[in-house]
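One structure is given below, encoded as structure tokens.
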Amino acid sequence: MMNKPKDWVFSDPRLQNLEQDYNAYTEEDFKVWKILYERQIVNLPKAASIAYLEGIKEIGFSADKIADFDDVNKRLAKSTGWKIHVVPGLIDDDLFFGLMNNKRFCSSTWLRKMEQLDYLEEPDMFHDAFAHMPLLTNQPYVDFLEKLSGIALKHIENKWAIELLSRIYWFTIEFGLIRENGELRIYGAGILSSAGETKFSLSDEPKHFEYDVRKILNTPYWKDKFQDKYFVIESYEQLYQSLPEIEEILEEMVAEEAKNL
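Shown next as structure tokens:
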């Protein structure tokens, strides 16, 4: 992976050349988007990160219109230069990180059905768009994503290293909290797309820890229920500035694991 050019991912045959077919969305799709959007947006003014709330305006989302990736890309081009890259669903780790290392964020284009409003086994477009894309307008946030992906690609052949880095991604990008003006707020997409976890994560029930790279790398997570702990950053710059520490501790833990084999 280290010897490949940075843009190798775009010529990988596994990466299908997909586009969003906006005209294919049905009346039910628009209803699903509207229900999910309206149900969640009411929870966020006092719960979501200020950067997220600013981002959702900058990116132009509304309840009445399913996110249009052409429009999103035009808006992102004016802010951080990122783009949305359409994928069919979950993709291999090297493709996922390879795209983000080239300022491309992966998103599916399919929406859950009406009977799936409350639970999905894998993320749909509502999660990818509503929960992730607004923060793609924030420069330190996307710089963190890009550089974290670069670290992942250096270790892509090592399953233990990727497991460790997935913990960083999980407890920041998916389930991270931030302290803004003395208040806990949400920036993690897994929380932002869940009405239940939005309330739970900010309550006194789970544990809240200061952002601690070593602690996160040593903390497994679960996917099938609310987290019992969340890590709190002070700023998005803090995420970006922690990258050298992430790489240093990761390499230390990988070396230690190799000794025990």
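Quick note: the sequence shown uses my numbering, first residue 832, plus one each step.
Note that beta-carbon positions come from the ideal geometry of N, C-alpha and C, so glycine has one too.
Nothing here was measured: the structure is a model prediction, and the numbers come from that model.
Counting along the chain, the unbroken alpha helix (DSSP H) around residue 997 starts and ends at 990–1000. Taken in chain order, the unbroken stretches of alpha helix (DSSP H) that lie wholly in the stretch 989–1061 and span 4 residues or more are 990–1000, 1020–1023, 1026–1032, 1044–1048.
Annotated three-state conformation of residue 892 is coil, per DSSP. The C-alpha of residue 851 lies about 7 Å from the C-alpha of residue 900.
With a contact defined as Cβ atoms closer than 8 Å, residue 956 and residue 903 miss out at about 11 Å. A Cβ-Cβ contact shorter than 8 Å links residue 856 with residue 897.
Closest in C-alpha terms to residue 929, from the list 947, 1039, 838, 862, comes 838. Residue 1030 places its beta carbon 8 Å or farther from that of residue 1060.
Under the DSSP assignment, residue 936 falls in the beta strand (DSSP E) whose first and last residues are 935–938.
It is roughly 46 Å from the alpha-carbon of residue 867 to the alpha-carbon of residue 1089. Under the three-state reduction of DSSP, residue 873 is assigned to coil, being neither helix nor strand. Shown here for residue 1004: not one same chain residue has a beta carbon closer than 6 Å to its own, the five before and five after excluded. Judged by beta-carbon spacing, residue 923 lies within the 8 Å limit of residue 845, meaning their Cβ atoms are closer than that value. In the pairwise beta carbon analysis, the stretch 973–988 is classified as touching the stretch 931–939: at least three pairs are separated by under 8 Å. Rounded to the nearest whole angstrom, the CA to CA distance from residue 992 to residue 1053 is 18 Å.
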